[in-house]
Amino acid sequence: MRNLFIFLREQYFYFLFLILELASLILFFNYNDFQGSSLFNVANAFSGSVNNVFNGISEYFTLKKTNRVLIEEMAKLHSRIPEAFYQSDQNVFYKKDTVVRLEYKYISAKVISNSTNKRNNFLMINKGALHGIENHMGVIIGNKLVGQVVGVSPHFSWIMSMLNKDSHVSGKFKKNDQLVNVEWPGGNYRKGQVREIPKHIVMVRGDTIITSGNSNIFPEGLLIGTIDDFSIAPDENFNTGRILFSTDFNSLGYVEVVVDLMRKEKEELKKSFKSE
Amino acid sequence: MTSRTVFFNIVRFFFLILLQVLILNHVNLGGYVNPLFYVYFILLLPFSVSRGIMLISSFLLGLGVDIFTNTIGLNAASCVIMAFARPFVINSISSGPETLIGDTPSLKNQGIKWFLYYTIILVLIHHTFLFFLEIFRFIEFFKTLLRIGLSSAFTITLILISEYVFIFRQK
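As they're listed, the protein sequences go chains A and B.
The opening residue of the first sequence carries number -9 in our numbering; numbering runs sequentially from there.
The opening residue of the second sequence carries number 8 in our numbering; numbering runs sequentially from there.
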């Protein structure tokens, strides 16, 4: 036993190294898949408040730009009001108050930290569970897509940006409703990748890709971007293309969180079908 | 190691974490460059510091940066590897004890050649480990290599600039 202690003392540098390295790796692999990130509410709240203070200072330098963004936002909001309503066919329902019902609600929030230079980018906003934000809600700016909520603390939310290797957004061609997948391959933050484009689709540069609304995260019809370049692969089942994102991820000031008021109903319907 | 050195190192610890998370993490050049200047702390630890303290302070340094970027463990693991490698790097590039003038490694005392080797090897170890751990797959191998190369170059340049500023100020 005594020899063991002597051995440990002589070699403590190596043991301490192993212990610290293993501890870091265990932390890394346990708390960094994006479902697990909500476990770090304490760290989240602390870094959130520091970021908040710093942001309070740096905010003054971007007031002009923020104003411009807000005015644009207002114009877009005005034009979007009718689309926020869920409209069902009048022939099916006879009760008047079910014909028009609010389906999406939007919570505006300020971005207090953001990155575009990593492989996996995240944003933090200054609203959280207390304001009604939950996991897996979509985040947009104007009518453009930003990302989805992956962690919530009482006052802050952690958002997985579109610029992340785990982001796969279901989109479609605006011109013919063909479904595709949009991802970010890393590198330039303006350019993404469109996958699984069926062979028979004739693409041209400038085709608009919008959200499909299939995922219950984003409403249908949000702008993702426009086709910038594409390649025809003769020996594969699908073509791929490059997309120029409509969102400028490097200048996000205020964003909106999409609350789908009918999500519960949709999920319950899905679940009831699965369990049978 | 005097109490003055200890004090300077503690101040440097917090200053570099704040500089990293509040300013440098927002630097973005072409989507590939993310300077991780905070590792300067590990480079500047005194030669006489105990190896245990070196490992633990590096771990805490990485964890401090991790808390702000929500990547718990990523920077910590890379910093611990870098701190572990430091004594071996110092041993292999120093020709004799006379090269270790002064207590803190610096461009002025050890000379440009020694300091460049020291900085480049350790920064590359740190960045390579960090960027591969972050992506954790090999399909973007060359893209990741590009990120490592560009970010390391940026970090090393920042470190050299700070060294020169320090020499200039002392004259």
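Just so it is clear, CB atoms sit at the ideal spot from N, CA and C, and this is done for glycine as well.
Here the structure is a predicted model, which means the values were calculated and not measured.
Fill in: Same chain, Cβ closer than 8 Å to Glu62 of chain A, five either side skipped, listed in chain order
So the qualifying residues of the chain are Gly132.
Item to complete: Go ahead and label Met64 of chain A buried or exposed: buried means 16 or more other beta carbons lie within 10 angstroms of its beta carbon, across all protein chains shown.
Response: Burial state of Met64 of chain A is exposed, judged by a 10 Å Cβ sphere holding fewer than 16 other Cβ atoms.
Fill in: Rounded C-alpha distance that separates Ile115 of chain A from Asp73 of chain B
Counting only the Cα atoms, Asp73 of chain B lies some 18 Å from Ile115 of chain A.
Worksheet item: Around the C-beta of Gln27 of chain B, are 16 or more other C-beta atoms found within 10 angstroms, so that it is buried, or is it exposed?
Response: Residue environment: Gln27 of chain B is assigned as buried (16 or more neighbouring CB atoms within 10 Å of its CB, all protein chains considered).
Practice prompt. Report yes if the C-beta of Asn178 of chain A is less than 6 Å from at least one heavy atom of the ligand HEM; otherwise report no.
Written response: With respect to the ligand HEM, the structure offers nothing, as it holds no ligand at all.
Item to complete: Measure the C-alpha to C-alpha separation of Gly118 of chain B and Leu167 of chain B and round it to an integer number of angstroms.
Response: So the alpha carbons of these two residues sit roughly 12 Å apart.
Worksheet item: Can the beta-carbon of Gly69 of chain B be found less than 7 Å from the beta-carbon of Asn82 of chain B?
Response: Result yes, Cβ atoms of Gly69 of chain B and Asn82 of chain B sit closer than 7 Å.
Worksheet item: Using CA coordinates, which residue listed in B:Phe139, B:Leu131 and B:Phe95 is at the minimum distance from Tyr4 of chain A?
Response: Among B:Phe139, B:Leu131 and B:Phe95, the Cα nearest to that of Tyr4 of chain A is on B:Phe95.
Worksheet entry | Among A:Val140, A:Pro144, A:Ser160 and A:His145, the one whose alpha carbon lies nearest that of Ser272 of chain A | As displayed, chain A neither begins before -9 nor continues past 266, which places residue 272 of chain A out of reach and without an answer.
Discussion item. Distance check for Lys115 of chain B and Thr151 of chain B, CA to CA, integer angstroms please.
Written reply: Linking Thr151 of chain B to Lys115 of chain B through their CA atoms gives a straight-line distance of about 34 Å.
Fill in: DSSP three-state assignment for Arg(-1) of chain A, whether helix, strand or coil
The DSSP-derived three-state label of Arg(-1) of chain A is helix.
Item to complete: Answer with yes or no whether the minimum CB distance from Glu11 of chain A to chain B is below 7 Å.
Response: Answer yes: the Cβ-Cβ gap between Glu11 of chain A and chain B drops below 7 Å somewhere.
Worksheet item: How big is the Cα-Cα spacing for Lys66 of chain A and Phe66 of chain B?
Response: Computed Cα separation, rounded: 47 Å.
Worksheet item: So which of B:Ile49, B:Thr12, B:Val34 and B:Leu23 has the shortest CA-CA distance to Ser103 of chain A?
Response: Selected option, being the one with the closest Cα: B:Val34.
Discussion item. I'd like to check one pair, Gly215 of chain A with Ile199 of chain A: are the Cβ atoms closer than 7 Å?
Written reply: Cβ atoms of Ile199 of chain A and Gly215 of chain A: closer than 7 Å.
Worksheet item: Ala99 of chain A bridges to which residues according to DSSP?
Response: Looking at the DSSP assignment, Ala99 of chain A forms a beta bridge with A:Val245.
Fill in: Stretch-stretch touch, CB-based, cutoff 8 Å, three pairs: the segment 109 to 125 of chain A with the segment 134 to 149 of chain A
Three or more beta-carbon pairs drawn from the segment 109 to 125 of chain A and the segment 134 to 149 of chain A are found closer than 8 Å, and the two stretches are therefore classed as touching.
Worksheet item: Over what stretch of residues does the alpha helix (DSSP H) that includes Leu50 of chain B continue unbroken?
Response: Unbroken alpha helix (DSSP H) run through Leu50 of chain B: Tyr47 to Leu50.
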